[in-house]
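Straight run, no breaks: the sequence shown in this note's numbering ends on number 311.
We put the beta carbon where it would ideally sit given N, CA and C, even for glycine.
All of these numbers come straight from a predicted model, not from anything done at the bench.
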Amino acid sequence: MKDFNSKTISSIQFTVVERFIKNFEQQKIEIEQLLTMTQTSIFSNSHHFHLQNVLDMSYKPFSNGQGILYLHTNEGVFSFLISTNPAQFIQSYQLLTSRDK
């Protein structure tokens, strides 16, 4: 269940790349989605994580300006391809979770 009624603390845009074969050629579609953080959860169109289940976040930048934001959860590690600096998103997460400790 998503937190549509909760106040957005932070959000970051990420890209989903879908690949398929058409006319014997590989095609790809890039779809932009939003990863949103509220006081209780982080969610997108296809994922929902309660904040208490997110153990950590990390970021691996690439030389082309993109990078991967990793959400380390109790269900595994989830990766999100991003094109912007995630420092504010990660800092918001750290501030929220430091209050709970």
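- By the criterion of a C-beta distance shorter than 7 Å, E242 is surrounded in its chain by Q223 and T225, once the five residues flanking it on both sides are discounted.
- According to the DSSP secondary-structure assignment, F253 is paired through a beta bridge with T246 and H258.
- For F290, the enclosing beta strand (DSSP E) stretches over residues G286 to I292.
- Between the C-alpha atoms of N255 and L244 there is a straight-line separation of about 8 Å.
- Selection Q237, L279 and Q262 evaluated against Q249 yields Q262 as nearest (Cα-Cα).
- Around the CB of L305, fewer than 16 other CB atoms lie within 10 Å, so the residue is classed as exposed.
- Pairing V227 with I239, the inter-Cα distance amounts to about 6 Å.
- Between the alpha carbons of M267 and E235 lies a gap of roughly 36 Å.
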